[in-house]
Structures are given as structure tokens and as C-alpha cells.
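Structure first, commentary second.
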Amino acid sequence: MSAKNHKQWKIPAFEQGDYVDSRIYSDQNIFDEEQDKIFKQVWIPVCHESELPEAYDFRTTSIAKEPIIVVRGKDNEVRAFLNVCPHRGMRIERRTAGSFSDGQPSGNPKHMTCMFHAWQFDMKGNCVDIPRAKEGYQDRLTKENVGLRRLRCEVRFGGFVWVTLNDKVEQDLEAWADGAFECIRSAIDTEPLEVFHYHKAIIDSNYKLWHDTNSEFYHDYMHYHNRVTGFNDEYFARTNKGFKNGHVNVNSFTVQYGEFELGESREDLSFPGFPPNQWYMIDLFPGMNFNLRGSALRCDIVTPLGPNKVMIEFRGLGLKSDSQKDRKTRIEHHNSIWGPFGRNLHEDLLGITGQGASMQTGSEPRRILHGRHENNLIHDEIGMRHFYDEWSKWMGRNPSDPMDEQRKVLAAE
Amino acid sequence: MSWKHVCNIDQIPENTLKQFEIDGISIVIANYGDGFRAFPPYCPHMEEPLAGTGLIEDGVLTCSKHLWQWNMGSCEKLGMAEKELLIYELKCDDDKILVNMEKELIYQYDEADDDDDDFFD
């Protein structure tokens, strides 16, 4: 067949849903809408509780560009607030993580302090001090009138900290996940987990392209390591399962680590009740991934920064009770696959970087195929289609026809 | 009475404060020119460590964080201060500074204890 231009590039037997329009990955308006209609509405994991182990520890992050701070109170409760001072809108804490236990040049111990005018807040978000309040505000404003903007927050599913900007969120987190975590629940909820690895990647690509990659296994053709340790009957029998709210998981098989040069079985360092060398994967709408493979749990959290820019935070977790020796081995297992120089993860990043190069704002629109149907088996692209069915509900747009162009043409005919 | 030898006079130059740990109790000794004072290491306002950021001048102790002040001679509060300093008994024996540390003096800081966890319900 000869090369084709985009207008000729039509596949008669493909229905809408078997492809998406590339502008969902590149259009600024669609990106802005996603921030408001999706990211500000749903539950987002922001960090793990082991990152703030002691009272007065904190971690800062953001959802849909809103600065967020997560703190552990004296009562051991984890709470989330907008990291914004109610006085003049200054971001309160600039550090990524740390402790309020000790004082700082601009703040007192055990308090969050806005360095701008020294308004101070306790770990419950109450304002506890406004310098010279009486002199400036007389009786018109007291510290009781103001406080930090509290956000809904839950610690769940292996100790991850989840936040939503939506005060009126309809489903609690358990209902929102709709059972997608049940396949690894006992493995991650029997005893406390601990983050042992963190790195992040900022990629010129759309966040959904990362989630697409995590939602299909057909790209194992890119991963030499995955081909030699998988690609057997058990691998091809794996299935994708959809859950409500756009979530998907992929059931397990036994990874043949011995098939790889210097490969090492993970059976001695499995998770509680988790059979040796298994590999489950959970993809959560709108773009988070939990990946329990052998001896390590990986979690990807995406923060969309623009239509063609995404920050992906990668965490590796083991058991908090790990001995020093076991932890070292677990880290080696994790890093050999998923570290920045591992055998797998950077290849996935190459994939979406290449896609991002062809889907910049203003790039020529084209169809991106999601059309492999194979009885929900491992190389079926049902995971992506399930995601975009959900995306369509929140966005009120058809991902195959996001600008409503095809519908208008059909209506005119 | 439990008098402890905390330090010697020449360890605290005029108009300075220094923190010591004696039997697990933290204490600050201040030399305000006309004498010495001993008090807990934190400002009674918001736990500011006074040995680090407290200032002494003309017999007045100032917490530089929110400018609470106390007269070191009379121990009265001045200016913006809303709470009294807790003061340990202190005496000098030749060049030794002795403090009566029978009981640790501890400030009660306000902590909001309202349980607001039904905030969204």
C-alpha cells in the first residue's frame, strides 16, 4: 500500500472508540477543561503516609495547579489544606517535605507560618496568631474568622494519602475505587508499607499518553526484558478487567525472572499473602497506576502541567518491617526494572516522548488507534477504551470527535 | 530545695542568653547587666527558642519573633507581651550560678482541641 495523507487514513471497520482524535492530547482548551472538570472533581493520591511518619511532618504537592499541603497532627491524623495563606494568597510552605517540629527563622515550632506577614496556623489549619491583629483590624477580624482551606483527605489502599478538591464529592474513596484494589488488597493492607524510592520525570507529552501506556501491554514489544520473562501461554492468558469510574486492572501471571541474564527470583521477598513472582497492575482514572510486581510496589502519580507537559512521580514501596538486608535486595529488584536506569521504565518514557513530539499544540490532527479487540486479553486495548468512555462522561466530549466536527458533517448530510 | 550548679558567671557575657541542659531539663540563663535570670527556653507565646532569637538590651528581654517583652529586673511584662515569664530561683555563689530546679517550669500553650473532623459532613 502507498503512503496516505490524513484524510485518506480512514479504516472502514473501525468505529468511534476504536480511535481517538490526537487533539485530545494537544489542545489547550481541552487541557484547561480537564483540570476543572476532572482533576478538581475526583480523588487523587498525592503521597504516601510513610513520607510524613512523625507528628508535625508535612509534604507539599498540587492538584490542578492548586498548591496543597499534607500534614500529620499531634493526634497522628493526616490532614490536607490548600497551601495558601488566607491573608494575601501567599503560598505558605515552599519546601517539598520536612517537619514543623522545630522552629524556623520565620516560624515557631509546631506551627505553619506564612513568612510574608507571620500569620500562623496549627496542624488542624486553625489560625492561631495574627501579628498586631487588634491594632490593624480592631474588632473587624480576629484569628477565629480565618483559617486554612481544609480539603477532604483519606489514607487508604496501602497507606496512600488521597485528596480531593471537591468538598461535595459524591463517592467516598472506597466507592470511587469500586473494588479495583481488591486483587492486591491483602498484600498491601496487611502490614504498613514504606516508600524507599522516589524520582520524577517531567516529559513533553500529555498525561493521558502515560496512562495509555500503563493501560495496555501490547507495548511489551518495546521491552526486551518483559518479552523474555513473559510472552508465554500464561502471559497471553492475562485479562483486563474494567471497573466503574474508568478504572482497570490486569490480572497476574508468573514472571519467569530466571529467563533474564542475571535475573533473580522475587519469591523470598513477596508481599503478605501474595504468591511468588506475581504481577498485578491497577490503572486508576484519571491517570494513576499501582503496579505490584514480585517484591516491589510501584506507584505512578501524574500531574498534568500543560497539554504537552506532564510530571510523573514514581514511588517504590516495600514493607515497613523490612530488615536492612531485605530492603537492600528489594531496592535492587525495584531499580533493576523501574529505576531511572532500569530495564523498563525509561523505555516507556521514550514511547510517550516520541508521541509528544508529534502531538504538540497545533500539530496536524490524526487518529490514534485504540482498536485491538482480543476478548479482553492482555493485548486487547480495552483498558484505554474503558478510560475514554469515562473521560467522555466527565468532559462532555467524544474523544473520537472532540471538536464535534464529524457529527456536524453527518447532521448536514 | 534542689539547687544545681548550671554554669559560671563568665560563661554568660552581658546582654546575652545561653541554654543549658541539666538533668534532662532545658533552661536559659540571661545576663541583663544588673544580674542574672533563669527561665524555660521557650517564649510563652509560641514556643520560640529564646536562646536563639531573644534579645536583651537596657534590662529588657525581647522575643524577636512577635516582640513580646519583659523587664528582667522586675520580671513584669512590657509592650506586646500577654503572658508572664516563668522564672526559676537563681543565686550566685562566688563565680557559680546556681538554680533551684526542684521542678521543671512548663508553659501551657493553647492548642485548639475542637475535633473538626466532621468538617465536611
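Going line by line, the protein sequences match chains A and B.
The opening position of the first sequence corresponds to residue 1449 in the numbering used here, with each subsequent residue numbered one higher.
The opening position of the second sequence corresponds to residue 29 in the numbering used here, with each subsequent residue numbered one higher.
We put the CB at the ideal spot given by N, CA and C, even for glycine.
The structure presented is a predicted model; accordingly, all values stated were derived computationally and were not measured.
Under the 8 Å criterion on CB atoms, residue 1558 of chain A is classed as interfacial with respect to chain B. Runs of the beta strand (DSSP E) spanning 3 or more residues and lying entirely within the region 1504 to 1566 of chain A occur at 1505 to 1511, 1514 to 1520, 1526 to 1530, 1545 to 1547, in chain order. The region 1695 to 1707 of chain A makes no contact with the region 1751 to 1763 of chain A, as fewer than three CB pairs between them are under 8 Å. In this structure residue 1672 of chain A is exposed. Its beta-carbon is surrounded by fewer than 16 other beta-carbon atoms within 10 angstroms.
In this chain, residue 1691 of chain A is not harboured by any alpha helix (DSSP H), its DSSP state being neither H nor E. Annotated three-state conformation of residue 1596 of chain A is coil, per DSSP.
The shortest C-alpha to C-alpha distance from residue 1633 of chain A to any of A/1545, A/1719, A/1714 is the one to A/1719. DSSP places residue 1780 of chain A in the uninterrupted alpha helix (DSSP H) bounded by 1772 to 1786. Taking 8 Å as the threshold, the shortest C-beta distance from residue 93 of chain B to chain A falls below it.
With respect to residue 1575 of chain A, residue 1594 of chain A sits close: the two C-beta atoms are nearer than 8 Å. Nearest Cα to residue 1623 of chain A within the set A/1573, A/1631, A/1691, A/1656: A/1691. Annotation: Cβ neighbours of residue 1615 of chain A in chain B (cutoff 8 Å, chain order): 148. By the criterion of at least three beta-carbon pairs nearer than 8 Å, the region 100 to 107 of chain B is not in contact with the region 1832 to 1848 of chain A. For residue 65 of chain B, there is no enclosing alpha helix (DSSP H); the enclosing beta strand (DSSP E) has its first and last residue at 64 to 67.
Within chain B, 94 have C-beta atoms less than 7 Å from the C-beta of residue 1579 of chain A, given in sequence order.
Judged by their CB atoms, residue 75 of chain B and residue 1513 of chain A are not nearer to each other than the 8 Å cut-off. For residue 1649 of chain A, the enclosing beta strand (DSSP E) starts and ends at 1641 to 1651.
As summarised for the region 1783 to 1857 of chain A, the continuous beta strand (DSSP E) elements at least 3 residues long and confined to that stretch are 1815 to 1817, given in chain order. For the pair of segments examined, the region 1468 to 1478 of chain A was found not to touch the region 1573 to 1587 of chain A: the number of CB pairs separated by less than 8 Å stays below three. Residue range 1492 to 1496 is occupied by the beta strand (DSSP E) that includes residue 1496 of chain A. In the DSSP assignment, residue 1752 of chain A forms a beta bridge with A/1758.
Non-local beta-carbon contacts of residue 1491 of chain A in its own chain, meaning distances under 6 Å to residues more than five positions away in sequence, involve 1610, 1612, 1621, 1624 in chain order. Rounded to whole angstroms, the Cβ separation of residue 1714 of chain A and residue 1701 of chain A is 13 Å, and the two are not in contact under 8 Å. Annotation for residue 1662 of chain A: the continuous alpha helix (DSSP H) segment containing it runs 1655 to 1663. Rounded to whole angstroms, the gap between the alpha carbons of residue 1571 of chain A and residue 1591 of chain A is 15 Å. Under DSSP, residue 1469 of chain A shares a beta bridge with A/1815.
Of all alpha-carbon atoms in A/1799, A/1618, A/1739, A/1734, the one lying nearest the alpha-carbon of residue 1669 of chain A is that of A/1799.
The bridge partners DSSP lists for residue 1745 of chain A are A/1740, A/1765.
With a cutoff of 8 Å on beta-carbon distance, residue 1791 of chain A and residue 1784 of chain A are scored as near each other. Burial is judged here by how many other beta carbons sit within 10 angstroms of a residue's own beta carbon; residue 120 of chain B has fewer than 16 and is exposed. Within the same chain, 1652, 1653, 1756 come within 6 Å of residue 1804 of chain A by CB-CB distance, once the 5 residues on both sides are set aside. The three-state reading of DSSP puts residue 1716 of chain A in helix, counting H, G and I together. In chain B, no part has a C-beta under 8 Å from the C-beta of residue 1546 of chain A; the shortest such distance is about 17 Å. Remark: C-beta atoms of residue 77 of chain B and residue 111 of chain B do not approach each other more closely than 8 Å. Any Cβ of chain A closer than 8 Å to the Cβ of residue 77 of chain B would place that residue at the interface, and such an atom is present. Its chain contains 1531, 1533, 1560, 1562 as the residues whose beta carbon lies nearer than 6 Å to that of residue 1540 of chain A, once the 5 sequence neighbours on both sides are disregarded; these appear in chain order.
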